[in-house]
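Data block below; observations after.
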Ligand SMILES: [Zn+2]
Ligand SMILES: [Zn+2]
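In our numbering, the protein residues as written are -12 to 408.
Listed below in structure tokens is the structure:
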């Protein structure tokens, strides 16, 4: 369990929201400044920041869905609801550091912010007088690695249409990889529009294997897999898995042997990485075995994410929606005729979950911690007494099923994922 979960929620927000209301320096830095896929540095920090936690309608305290995962300084976005770029501007996250964008499903509250975000962070230009003129804004710098977008069928067509019909020209390349369900066409782009210069033709259509999309992205440090989760439209959950990391080393176990054999202390680095070292006298020292890396399970909207269980087991962090809750005596708008059962039934019929469903799923996958998001507009994410009371009650409902403390995210809630239990 992370230390933040032990704090009362109001203290938590004060303690871990340094990003709130602070502006970042520039919205238009180099967009793909991150290391190439083969050279990513080991993760010294792994952080999540909720940029939007609303369900259907945004409010003054909750924006539409978006979540930033920071791997060292590189940013991966999960969903990009309307005004996500405004949320980024209110945070310390740098838009120019966005390397990849993962879309869970193409409902507007998860994707409406994508086109304006691309225009802002990829030097987008508007209409240019004279179709045939040689305007530098019509050029795409193909030397820059593309911003990679992953999403279900329709993501590529949505981006292509949105850019073309708004006459938006991007100065940098992007590529869209689609996760194709078995009922989807294996190829085709789902649009008759031709790709623009900025859209690379290397976008993959990724077929399922054994009910999941294994390792849709992988480098030396981290991989991403996905699985279908049940919602009212095709929807995907993502699992971000850090590669195994060095085990804990106790130098006292090794140093006497190294001194005895006059072995340079620099071999400690090899031992730290779990390698074996042969000393001058033939003794072989073995470094501690590597231990599993951190795992994040990020779900889109869902009333049943069971298909992701094989990928999500033992996640350090599960992020699960909790759109509908039954809060008699706490939520004063609760209908007298409602029971938990009717609320759950309504939630499921609209493709959503209750806090209890989220807590139960967290227990099923033996998650180490659970954070809820995607709340009804009836539940503001502010510091008013009533809001705090309602969110605490929602958290409690999930805790009853999960058996551990649960956090209800607010916009700009931000914390590090550590190895601590
Ligand atoms: Zn939604
Ligand atoms: Zn949805």
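Just so it is clear, CB atoms sit at the ideal spot from N, CA and C, and this is done for glycine as well.
| Taking Cβ positions, are residue 303 and residue 356 nearer each other than 8 Å? | The sequence position of residue 303 within the chain shown is 316, counting from 1. The sequence position of residue 356 within the chain shown is 369, counting from 1. Closer than 8 Å, so yes.
| field | Counted within 10 angstroms of its Cβ, other Cβ atoms place residue 378 as buried (16 or more) or exposed | value | By 1-based counting over the chain shown, the position of residue 378 is 391. By the neighbour-count rule (16 or more Cβ atoms within 10 Å), residue 378 is buried.
| message | With DSSP as the reference, identify every bridge partner of residue 265, one or two as the case may be. | response | Mapped onto the chain shown, residue 265 falls at position 278. DSSP output for residue 265 lists 271 as bridge partner(s).
| said: With H, G and I counted as helix, E and B as strand and the rest as coil, what does DSSP make of residue 108? | reply: In the chain shown, counting from the first residue as 1, residue 108 sits at position 121. Helix, per DSSP.
| query | For residue 146, which three-state DSSP category applies? | reply | Position 159 of the chain shown, counted from the start, is the residue given in the question as residue 146. Correct three-state label for residue 146: helix.
| query | Within the structure, which residues are defined as neighbours of ligand 1 by a Cβ-heavy atom distance below 5 Å, reported in chain order? | reply | 96, 288
| task | Check whether the region 221 to 229 touches the region 85 to 95, taking contact to mean three or more Cβ pairs, one atom from each stretch, closer than 8 Å. | result | Touching, yes, given that three or more Cβ pairs across the two stretches are closer than 8 Å.
| Going by beta carbon distance, what residues of the same chain come within less than 6 Å of residue 301, once the five residues before and after it are set aside? | Sequence index remark: in the chain shown, residue 301 carries index 314 (1-based). Closer than 6 Å at Cβ, skipping near neighbours: 353.
| message | Tell me which residue opens and which closes the alpha helix (DSSP H) that residue 329 is part of. | response | For the purposes of this step, residue 329 is identified with residue 342 of the chain shown, where counting begins at 1. That run of the alpha helix (DSSP H) goes 327 to 336.
| request: Pull up the distance between the alpha-carbon of residue 98 and that of residue 253, whole angstroms please. | output: Translated into positions along the chain shown, residue 98 becomes position 111. Translated into positions along the chain shown, residue 253 becomes position 266. In this structure, the CA atom of residue 98 is about 50 Å from the CA atom of residue 253.
| request: For the region 194 to 223, list the beta strand (DSSP E) runs that are entirely contained and at least 3 residues long, ordered along the chain. | output: 200 to 205, 209 to 216
| field | Cα-Cα separation, residue 345 to residue 308 | value | Residue numbering aside, residue 345 sits at position 358 when the chain shown is read from its first letter. Residue numbering aside, residue 308 sits at position 321 when the chain shown is read from its first letter. The alpha-carbon atoms of residue 345 and residue 308 are separated by roughly 7 Å.
| Integer-rounded CB distance, given that residue 190 should sit under 8 Å from residue 143 | For the purposes of this step, residue 143 is taken as residue 156 along the chain shown, with counting starting at 1. For the purposes of this step, residue 190 is taken as residue 203 along the chain shown, with counting starting at 1. Rounded, the Cβ-Cβ distance is 6 Å, consistent with contact.
| request: Output the boundary residues of the alpha helix (DSSP H) element that contains residue 348. | output: Indexing the chain shown from 1 puts residue 348 at position 361. Annotation: the continuous alpha helix (DSSP H) that includes residue 348 extends over 342 to 351.
| request: Could you tell me whether any non-hydrogen atom of ligand 2 is closer than 7 Å to the CB of residue 218? | output: Locating residue 218 in the chain shown gives position 231, counting from the first residue. Answer for residue 218: yes, Cβ within range of ligand 2.
| said: Below 7 Å, is the gap between the Cβ of residue 338 and the nearest heavy atom of ligand 2? | reply: As a first step, residue 338 must be located in the chain shown, where it is residue number 351. Checking every heavy atom of ligand 2 against the Cβ of residue 338, one is found closer than 7 Å.
| request: Take the Cβ of residue 364 as the centre, count every other Cβ of all protein chains shown within 10 Å, and call the residue buried at 16 or more, exposed below. | output: The residue labelled residue 364 in the question sits at position 377 within the chain shown. Answer is exposed; the Cβ neighbour count stays below 16.
| When we look at the beta-carbon of residue 238 and count the other beta-carbons within 10 Å, is it buried (16 or more) or exposed? | In the chain shown, the residue the question calls residue 238 occupies position 251. Exposure of residue 238 is indicated by the presence of fewer than 16 other C-beta atoms within 10 angstroms of its C-beta.
| query | Straight-line CA distance for residue 391 to residue 129? | reply | Along the chain shown, one-based indexing puts residue 391 at 404. Along the chain shown, one-based indexing puts residue 129 at 142. Straight-line Cα distance between these residues: approximately 49 Å.
| Does the beta-carbon of residue 120 have 16 or more other beta-carbons within 10 angstroms, so that it is buried, or is it exposed? | Taking the chain shown and counting its residues from 1, one reaches residue 120 at position 133. Classification for residue 120: exposed.
| said: Could you check whether the Cβ of residue 51 sits closer than 7 Å to any heavy atom belonging to ligand 2? | reply: As a position in the chain shown, residue 51 is number 64, starting the count at 1. Ligand 2 has no heavy atom closer than 7 Å to the beta-carbon of residue 51.
| In this structure, what does DSSP give as the bridge partners for residue 139? | Working through the chain shown from its first residue, we reach residue 139 at position 152. 166, per the DSSP bridge assignment.
| field | Any non-hydrogen atom of ligand 2 within 7 Å of residue 92 CB | value | For the purposes of this step, residue 92 is taken as residue 105 along the chain shown, with counting starting at 1. Yes - ligand 2 has a heavy atom lying nearer than 7 Å to the Cβ of residue 92.
| task | My understanding is that residue 258 touches residue 236, with C-beta atoms under 8 Å, so please give their C-beta distance in whole angstroms. | result | On the chain shown, position 271 is the one that residue 258 refers to. On the chain shown, position 249 is the one that residue 236 refers to. About 6 Å; that satisfies the 8 Å criterion.
| query | Any idea which residues DSSP pairs residue 39 with across the strands? | reply | Position 52 of the chain shown, counted from the first residue, corresponds to residue 39. Its beta-bridge partners are 53.
| In chain order, what residues of the same chain lie with their CB nearer than 7 Å to the CB of residue 266, ignoring the 5 residues before and after it? | The residue you call residue 266 lines up with position 279 of the chain shown. The answer, listed in chain order, is 244, 248, 250, 272.
| said: What does the Cβ neighbour count give for residue 276, buried or exposed, with the cut at 16 atoms within 10 Å? | reply: Along the chain shown, one-based indexing puts residue 276 at 289. Its Cβ having fewer than 16 others within 10 Å, residue 276 is exposed.
| field | According to DSSP, residues forming a beta bridge with residue 296 | value | Taking the first residue of the chain shown as 1, we reach residue 296 at position 309. Paired residue(s): none; residue 296 is not in a bridge.
| request: Would you mind stating whether residue 101 and residue 56 have Cβ atoms separated by less than 8 Å? | output: In the chain shown, counting from the first residue as 1, residue 101 sits at position 114. In the chain shown, counting from the first residue as 1, residue 56 sits at position 69. No. Outside cutoff.
| said: For the alpha helix (DSSP H) containing residue 389, name the first residue and the last one. | reply: Walking along the chain shown from the start, residue 389 turns up at place 402. Its alpha helix (DSSP H) spans residues 372 to 389.
| request: Could you check the C-alpha separation between residue 35 and residue 46 for me, to the nearest Å? | output: What you label residue 35 is simply residue 48 of the chain shown in a count that begins at 1. What you label residue 46 is simply residue 59 of the chain shown in a count that begins at 1. For residue 35 and residue 46, the distance between alpha carbons rounds to 22 Å.
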